[in-house]
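Notes to accompany the following structure.
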Amino acid sequence: MQLNRRNFIKKAQAAGIFYASLSLSGSALAFEKTDKHPLMPDPGGILDLPEGFTYRLISRAGDKMSDGFFRPGRADGMACFPHPDDAGKCILMRNHENWPDTKSGSPFGDNDELLGQLPKGKLYDTKTTGRPFFGSVTKLVYDLEKKEMVEDFLVLTGTAANCAGGPTPWGSWLSCEESALVPSDGANKHHGFVFEVPASATGPVDPKPITAMGRFVHEAAAVDPQTGIVYMTEDNRRGLFYRYIPDVPGELHRGGKLQALAIKGRPSAVTNNWPKDWGGPGPDMYKAGDEFETSWIDMEDAANYELPGDELAKRGHAAGAAQFCRGEGMDYALRADGKTGDIYFTCTQGGTMGTGQVWRYTPGAASGGMLTLVYESPGADTLDMCDNMVAAPWGDLILCEDGRGDQYLRGLTPEGQIYEIARNAHTEKSEFCGACFSPDGKVMFVNIQEPGFTLAIEGPWERLKS
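Residue numbers 928 to 1393, in our numbering, belong to the letters of the sequence shown in order.
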């Protein structure tokens, strides 16, 4: 079905996709950290939270799911959808970042003993050894009133390193492969694609890659509901920022055009602000609050299976596209007018200190738009390698750390202040992933990748505004 702008937004609202309203129209100039809401130590040793906040452990890797498979390990990107039949429930679509060399955490068991229970044709790929790839997506149904998960099951498998992704306004989850594996590397098929899984899925879907969206080291995706354009990040130190313009909005498999962003007046820009001896352009080449006009470069041959996984980035940069240092988390956020929005994305190792940047792309005419560096981390003690992100109901950005010490969930205000929301108190000190909110904005769901926890956090969120 062809969707015009009005119908697109209607479908987004009908699906209940939560788009927070952000007013980060100003510049986040101040590299400040505030401790207005100190974290309280968790006696359970899982999650330190501000006073008045609580969490529930709703899912643990390795346990049996409702469909009889084992719950896969390495939970990562995630999004929340309303339940179509029960307003008291919601749906979580959750990635599992199991790489080709990941040894444990398969839904089929350590010896693939459950693989025969998977319906024929539902496994995307096997290794040349005959063993399955087990990058996956699982669907969870959570009861908001009883505060418990009521069922979970496998909906996509046989893929590799399903790291992040993004929800669509028409009620599906875009799951992105971060591994661009090829058959000569021990696979039977090519990897490095985007897969679409409807939130309405009741079991494993047909694993069909959207090849026109390109084969590269995919990370996250975000859809502009006004146009149906899909924006994508690339987890590569020399990666690009992409957009996919579908031929038919809402029907990504029917083909489209892949493009990479370029900065006008700065062809083949390098935005990491690294010192020159690190391979960067020098510090402060891009300052928080600076705005840049942009254009888009067509990426020819994007679906060519034979290209190396980093070839699109190399070609695009040579043609004038801007490099971003490990583009990862991403979200679409409505502005205060409630009609237009922006795309926010993180660069995990961008910045003079290599500890993270937050960028904003403001869509403009078909040929351009505006790019703004919203925030750059002054050091690991303030923000340490921001990864997944989500726009919060109260107008801030929530950043999941994947750093080198203690891992935090942090908030970023429109004024450029960083504050702590949670600390991973588990001994493994693994990264936070997949932060997202229930349709009513009252519950934040988040993953701790190792040992594989999914948590539901509640509390006086309005207090974080002050």
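Cβ coordinates follow ideal geometry from the N, Cα and C atoms, glycine included.
Bear in mind that the values here come from a model prediction, so they are computed numbers and not experimental data.
- Residue pairing of Arg983 in beta bridges, as defined by DSSP: Ala1383.
- Going by beta carbons, Thr1309 and Phe1251 fall outside the 7 Å limit.
- Beta-bridge partners assigned by DSSP to Pro1009: Cys1017.
- In the DSSP assignment, Ala1319 falls outside any beta strand (DSSP E), carrying neither H nor E.
- The Cβ-Cβ distance between Ala1229 and Leu1185 falls below 7 Å.
- When rounded, the separation of the alpha-carbon atoms in Phe1143 and Met967 is 41 Å.
- Spatial neighbours of Asn1025 in its own chain (CB-CB distance under 6 Å, excluding positions within 5 residues in sequence) are listed in chain order as Arg1001, Gly1032, Phe1061, Gly1062.
- If you draw a straight line from the Cα of Gly1379 to the Cα of Thr1053, it is about 24 Å long.
- Using a Cβ distance threshold of 7 Å, Met1005 and Leu1019 count as a contacting pair.
- Taking C-beta separations shorter than 7 Å and ignoring five residues to either side along the sequence, the partners of Arg1165 in its chain run Ala1240, His1244, Gln1250, following chain order.
- Considering only Gly1338, Phe1359, Gln1376, the residue with the shortest C-alpha distance to Trp1388 is Gly1338.
- The alpha-carbon of Asp1039 is positioned some 46 Å away from that of Ala1189.
- Taking 8 Å as the upper bound for CB-CB distance, Val1077 and Val1068 are in contact here, some 5 Å apart.
- For Ala1240, there is no enclosing beta strand (DSSP E); the enclosing alpha helix (DSSP H) has its first and last residue at 1238-1245.
- The residues Met1297, Thr1299, in chain order, have a CB closer than 6 Å to that of Glu1218 in the same chain once the five nearest residues on each side in sequence are set aside.
- In the same chain as Leu1041, and ignoring 5 residues on each side of it, the C-beta atoms closer than 8 Å to its own belong to Gly995, Phe996, Phe997, Pro1034, Phe1035, in chain order.
- A direct Cα-Cα distance of roughly 22 Å separates Glu978 from Leu1071.
- Under the DSSP assignment, Ile1224 falls in the beta strand (DSSP E) whose first and last residues are 1218-1225.
- The secondary-structure analysis by DSSP pairs Pro1136 across a beta bridge with Phe1122.
- Annotated three-state conformation of Trp1286 is strand, per DSSP.
- Of the residues assessed, Gln1044 falls on the exposed side of the cut-off, its CB having fewer than 16 other CB atoms within 10 angstroms.
- Using a C-beta cut-off of 8 Å, the stretch 1195-1210 makes contact with the stretch 1267-1283, since at least three inter-stretch Cβ pairs fall below that distance.
- With 16 or more other Cβ atoms from the protein chains shown falling within 10 Å of its own Cβ, Ser1099 counts as buried.
- Per the C-alpha coordinates, the member of Pro1134, Asp1133, Glu1123 positioned closest to Ala1148 is Glu1123.
- Three or more Cβ pairs closer than 8 Å define a contact, and the stretch 1204-1215 falls short of that threshold against the stretch 1124-1138.
- According to the DSSP secondary-structure assignment, Leu1081 is paired through a beta bridge with Thr1065.
- For Met1371, the closest alpha carbon among the candidates Gly1119, Ser1111, Phe1008, Gly972 is that of Phe1008.
- In terms of Cα proximity to Thr1086, the closest of Asp1133, Ala1352, Gly1093 is Asp1133.
- Within the model, the alpha-carbon separation for Gly972 versus Gly1361 is close to 20 Å.
- Taking a 10 Å sphere around the C-beta of Lys1066, we find 16 or more other C-beta atoms and assign the residue as buried.
- The C-alpha of Ala1319 is placed about 32 Å away from the C-alpha of Gly1182.
- Spatial neighbours of Glu1355 in its own chain (CB-CB distance under 7 Å, excluding positions within 5 residues in sequence) are listed in chain order as Glu1377, Pro1378.
- Annotated as distal: Met1316 and Thr1381, with beta-carbon spacing of 7 Å or more.
- In this structure, DSSP gives Pro999 a state outside helix and strand, which the three-state scheme calls coil.
- Residues of the same chain with a CB within less than 6 Å of the CB of Glu1303, apart from the 5 flanking positions on each side, are Ala1215, Gly1278, Gln1284 in chain order.
- The shortest CA-to-CA distance from Cys1103 to any of Pro1094, Ser1111, Pro1110 is the one to Pro1094.
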